[in-house]
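A.B. asks:
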Amino acid sequence: METSEIIKKVRKIEIKARGLSSNIFAGQYHSAFKGRGMAFSEVREYQYGDDVRDIDWNVTARFNKPYVKVFEEERELTVMLMIDVSGSLDFGTQRQMKRDMVTEIAATLAFSAIQNNDKIGVVFFSDKIEKYIPPKKGRKHILYIIREMLDFHADSQRTDVAQAIEFLTSVSKRRCTTFIMSDFYTRQDFLQQLTIANRKHDVVAIQVYDRRTKELPNVGLMKVVDAETGFEQYVDTGSKKLRESYYRSWMKRQQGLMEVFAKSNVDSVTICTSDDYVKSLLGLFKQRG
């Protein structure tokens with residue numbers, strides 16, 4: 082992609098994402114993703130009913146009156162966007178590619194985060210860590226992230242979610258809110274890694290899929306290619322039996338994925354490329370609020 086084309090795309094995504102984050106998501110994001118805890122703010126004179134454990138004895142001794150510490154929620158978060166850049170994301174038969182939708186969702190979350198003065202970091206992963214962008218604040222940083230998402234070319238086409246989660250656990254020492262954005266087409270089990278990560282961090286899974294990975298159209302003989310392995314084969318989509326088997330296989334895999342999220346206590350949302358992701362994200366935020 083040429084530089085001028087990337088700049089145009091970045092600008093287009095920024096306008097849409099900023100609009101969504103300021104007009105729709107601002108309050109929802111704040112209530113759904115809370116700060117690390119309570120931080121000391123100030124002291125004031127003791128009032129009847131205050132917790133005696135909050136008394137600041139140094140100030141009390143100085144003024145010969147009881148004073149208590151006042152705490153407020155520490156809002157600043159570190160947000161990590163874990164973005165699948167494997168070959169299977171370069172697929173879309175509806176309105177857009179899976180990768181395009183992931184980019185828009187990531188940009189919207191990023192702009193929502195900086196409105197709350199949060200830091201944003203990114204991990205691009207395939208079956209290895211392709212790139213790590215350490216957390217920073219500000220619009221310039223987010224525009225750099227969007228530019229990278231648009232023009233990033235992974236070394237590998239395959240996916241290993243487990244390895245990506247292990248990297249998150251090792252690289253993020255302080256608690257952070259993490260969004261894993263992927264179609265979750267991975268052959269490795271990642272329940273253990275996800276459970277450990279969600280104990281340390283607040284992990285949210287966003288699955289993006291295309292309808293044609295769930296249902297085959299009845300169009301006769303069709304060549305299908307596995308984007309991650311390059312394996313090609315012809316299938317007869319005119320066969321009702323084959324279409325039903327394909328659908329059952331997808332449902333079984335989805336059921337297994339939902340069980341992984343439930344067992345690891347991770348909130349998740351599944352979004353089709355033909356869906357309105359704004360509604361899906363709002364549903365996720367309300368569920369957590």
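If you want my numbering, it's the position in the sequence shown, counting the first as 1, plus 81.
All residues carry an ideal CB built from backbone N, CA and C; glycine is no exception.
1. Measuring alpha carbon to alpha carbon, tell me which of ALA188, PHE206, GLN128, SER193 ends up nearest MET163.
2. Count the other CB atoms, across all protein chains shown, that sit within 10 Å of the CB of LEU323; report buried if there are 16 or more and exposed otherwise.
3. Inspect the beta-carbon positions of ALA245 and ILE261 and report whether they are closer than 9 angstroms.
4. Determine, using beta carbons only, whether VAL242 and GLN269 come nearer to each other than 9 angstroms.
5. Kindly indicate which three-state DSSP category SER361 falls into: helix, strand or coil?
6. Following the continuous alpha helix (DSSP H) through VAL133, name the residue where it begins and the one where it ends.
7. Which two residues bound the contiguous alpha helix (DSSP H) that contains LEU231?
8. State the CB to CB distance for the pair TYR127 and VAL149, rounded to an integer number of angstroms; the pair is presumed to be in contact (CB under 8 angstroms).
9. Nearest by alpha-carbon distance to LYS367: which of PHE312, SER349, THR276, GLY130 is it?
10. If you follow the alpha helix (DSSP H) that THR189 is part of, which residue opens it and which one closes it?
11. Taking the alpha carbon of LYS134 as the reference point, which residue from GLN314, ASN145, VAL151 has its own alpha carbon closest?
12. How would you write the range of the beta strand (DSSP E) that LYS212 sits in, first residue to last?
13. Is ALA98 near THR189, with beta carbons less than 9 angstroms apart?
14. Under 9 angstroms between the Cβ atoms of LEU101 and VAL359?
15. Please specify which runs of the alpha helix (DSSP H), each continuous and at least 4 residues long, are wholly inside the region 249-330, giving them in chain order.
16. Identify which residue in ALA187, VAL252, SER237 has its Cα closest to the Cα of TYR225.
17. Since PHE144 is in the alpha helix (DSSP H), which residue starts that stretch and which ends it?
18. Per DSSP, which residues does LEU162 bridge with? Please list them.
19. Using beta-carbon positions only, say whether PHE265 and GLN288 come within less than 9 angstroms of one another.
20. Any idea what DSSP makes of VAL347, helix, strand or coil?
21. Could you tell me the distance, in whole angstroms, from the CA atom of CYS353 to the CA atom of ARG293?
22. Looking at the C-beta of PHE206, does it have a partner C-beta in chain C at a distance below 9 angstroms?
23. Distance check for TYR327 and PHE301, CA to CA, integer angstroms please.
24. Note down the Cα distance separating ALA286 from GLY219, rounded to an integer number of angstroms.
25. Please confirm whether ILE396 and THR184 have their CB atoms less than 9 angstroms apart.
26. Classify PHE106: buried if its beta carbon has 16 or more other beta carbons within 10 angstroms, exposed otherwise.
C.D. replies: Well, looking at it:
1. Translated into positions along the sequence shown, residue 163 becomes position 82. Comparing Cα-Cα distances from MET163 to each of ALA188, PHE206, GLN128, SER193, the minimum goes to PHE206.
2. As a first step, residue 323 must be located in the sequence shown, where it is residue number 242. When all chains shown are included, LEU323 counts as exposed.
3. Within the sequence shown, residue 245 is the residue found at index 164, counting from 1. Within the sequence shown, residue 261 is the residue found at index 180, counting from 1. For ALA245 and ILE261, yes; Cβs fall inside 9 angstroms.
4. Counting from 1 along the sequence shown, the entry for residue 242 is found at position 161. Counting from 1 along the sequence shown, the entry for residue 269 is found at position 188. In this structure, GLN269 lies closer than 9 angstroms to VAL242 by Cβ.
5. Taking the sequence shown and counting its residues from 1, the one referred to as residue 361 is at position 280. Helix.
6. Residue 133 sits at position 52 when you count from the first residue of the sequence shown. Element bounds for VAL133: n/a, residue is neither H nor E.
7. For this step, residue 231 is matched to residue 150 along the sequence shown. It spans 220-232 - the alpha helix (DSSP H) in which LEU231 sits, taken as one unbroken run.
8. Position 46 of the sequence shown, counted from the start, is the residue given in the question as residue 127. Position 68 of the sequence shown, counted from the start, is the residue given in the question as residue 149. At roughly 5 angstroms, the Cβ-Cβ gap stays under 8 angstroms, so TYR127 and VAL149 are in contact.
9. Stepping through the sequence shown from its first residue, residue 367 is reached at position 286. Of PHE312, SER349, THR276, GLY130, the residue nearest in Cα terms is SER349.
10. Reading the sequence shown from its first residue, position 108 is the one you call residue 189. Here the alpha helix (DSSP H) through THR189 covers 179-196.
11. Looking up residue 134 in the sequence shown gives position 53. Going by the sequence as given, residue 134 is Arg instead of Lys. Selected option, being the one with the closest Cα: VAL151.
12. The residue you call residue 212 lines up with position 131 of the sequence shown. Run containing LYS212: 210-217, per the beta strand (DSSP E) assignment.
13. Here residue 98 is taken as the residue at index 17 of the sequence shown, counted from 1. Here residue 189 is taken as the residue at index 108 of the sequence shown, counted from 1. In contact: ALA98 and THR189 (Cβ atoms closer than 9 angstroms).
14. Working through the sequence shown from its first residue, we reach residue 101 at position 20. Working through the sequence shown from its first residue, we reach residue 359 at position 278. Yes.
15. 272-281
16. Taking the sequence shown and counting its residues from 1, one reaches residue 225 at position 144. Ranking ALA187, VAL252, SER237 by Cα distance to TYR225 puts ALA187 first.
17. Locating residue 144 in the sequence shown gives position 63, where the first residue counts as 1. Counting along the chain, the alpha helix (DSSP H) containing PHE144 begins and ends at 138-144.
18. Translated into the one-based positions of the sequence shown, residue 162 becomes position 81. Answer by DSSP bridge pairing, in chain order: VAL203, PHE260.
19. Position 184 of the sequence shown holds residue 265. Position 207 of the sequence shown holds residue 288. It is a contact, given that the beta carbons lie within the stated cut-off.
20. The sequence position of residue 347 within the sequence shown is 266, counting from 1. Of the three classes helix, strand and coil, the one that applies to VAL347 here is coil, per DSSP.
21. The count along the sequence shown starts at 1 and reaches residue 353 at position 272. The count along the sequence shown starts at 1 and reaches residue 293 at position 212. CYS353 and ARG293: Cα-Cα distance of roughly 10 angstroms.
22. The question asks about chain C, but that chain is absent: this structure has only one protein chain.
23. As a working mapping, residue 301 is identified with position 220 in the sequence shown. As a working mapping, residue 327 is identified with position 246 in the sequence shown. According to the sequence provided, residue 301 is Gly. The question's Phe does not apply to it. Computed Cα separation, rounded: 15 angstroms.
24. Position 205 of the sequence shown, counting from 1, holds the residue named residue 286. Position 138 of the sequence shown, counting from 1, holds the residue named residue 219. In a straight line, the C-alpha of ALA286 is about 24 angstroms away from that of GLY219.
25. In the structure displayed, the chain extends from 82 to 370; residue 396 sits before or after that span and is not available.
26. Taking the sequence shown and counting its residues from 1, the one referred to as residue 106 is at position 25. Result: buried.
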